[in-house]
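Counting in our numbering, the sequence shown runs from 234 upward without gaps.
Note that beta-carbon positions come from the ideal geometry of N, C-alpha and C, so glycine has one too.
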Amino acid sequence: MPHIHTQPGQHDITVSAYIVRQHKGVWHCLVHMHKKLKVLMQVGGHVELDETPWQSLRHELAEEAGFSLAELDVLQHSGRMPQVSGAVVHPTPLFSNTHKVGADHFHSDYCYGFVATRLPSGNVSAGEPDDLRWYTIDDLQTYADQGTALQDTTDIYRFLLDELTTFHRMPATGFSLGKPTKGPSIPS
Numbered sequence: 234m235p236h237i238h239t240q241p242g243q244h245d246i247t248v249s250a251y252i253v254r255q256h257k258g259v260w261h262c263l264v265h266m267h268k269k270l271k272v273l274m275q276v277g278g279h280v281e282l283d284e285t286p287w288q289s290l291r292h293e294l295a296e297e298a299g300f301s302l303a304e305l306d307v308l309q310h311s312g313r314m315p316q317v318s319g320a321v322v323h324p325t326p327l328f329s330n331t332h333k334v335g336a337d338h339f340h341s342d343y344c345y346g347f348v349a350t351r352l353p354s355g356n357v358s359a360g361e362p363d364d365l366r367w368y369t370i371d372d373l374q375t376y377a378d379q380g381t382a383l384q385d386t387t388d389i390y391r392f393l394l395d396e397l398t399t400f401h402r403m404p405a406t407g408f409s410l411g412k413p414t415k416g417p418s419i420p421s
């Protein structure tokens, strides 16, 4: 989806999926060649006005990588999630950041980490770049050094792999894609 906020200094909310998979005992990171930027980077995109970040991530995973949530574990800092009445609980991102895109535009990005145990069963959607690649972190760094991959993407993948054993792997389907049906009870 294109930028929603187009005035100087405005922000769009985006989501990113950092997906790792072991192949022959070595961790590999999923990147794709971005169709506009012509650089290797993580899967992700803009949160549309009628979506939660988790709903947006689900459709970006399917459209850009062919993954369904059922094929992924999402990495969480804790193995427990709070029960909140009146709200839908979504996974916690690994972290979030705000970065500059263009002359005077910003993206505030929710960065999620995932583990895949196999290649995606689906296909990349029509109109999306289908140049998906699985690289080791060393190979990804080589491409970043050459300017073919984003250094930020490489740095985040390195963080994810360095910290992988500290995260809890939870089925990505364990989180609701719905929206709340009622608000919290606020005392009058």
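Residue range of the alpha helix (DSSP H) that residue i falls in?
| i | result |
| --- | --- |
| residue 291 | 286 to 298 |
With a CB to CB cut of under 6 angstroms and the five nearest residues on each side skipped, what residues in its chain are close to residue i?
| i | result |
| --- | --- |
| residue 260 | 253 and 394 |
| residue 262 | 253, 368, 373 and 390 |
| residue 296 | 358 and 361 |
| residue 246 | 280 and 341 |
| residue 237 | 245 |
| residue 328 | 344 |
Pull up the distance between the alpha-carbon of residue i and that of residue j, whole angstroms please.
| i | j | result |
| --- | --- | --- |
| residue 271 | residue 319 | 43 angstroms |
| residue 249 | residue 292 | 12 angstroms |
| residue 315 | residue 322 | 8 angstroms |
| residue 337 | residue 331 | 13 angstroms |
| residue 306 | residue 243 | 33 angstroms |
| residue 378 | residue 326 | 27 angstroms |
| residue 396 | residue 304 | 21 angstroms |
Between which two residues does the beta strand (DSSP E) carrying residue i extend?
| i | result |
| --- | --- |
| residue 402 | 401 to 404 |
| residue 255 | 244 to 256 |
| residue 392 | It is not in any beta strand (DSSP E) - residue 392 instead sits in the alpha helix (DSSP H) that spans 384 to 396. |
| residue 331 | 328 to 333 |
| residue 309 | 305 to 309 |
| residue 342 | 339 to 349 |
Determine which residues share a DSSP beta bridge with residue i and list them.
| i | result |
| --- | --- |
| residue 266 | 273 |
| residue 313 | BP columns for residue 313 are empty, so no partner. |
| residue 368 | 262 |
Identify, in the order they occur along the chain, each residue of the same chain with its Cβ nearer than 7 angstroms to the Cβ of residue i, setting aside the five sequence neighbours on each side.
| i | result |
| --- | --- |
| residue 310 | 325 and 400 |
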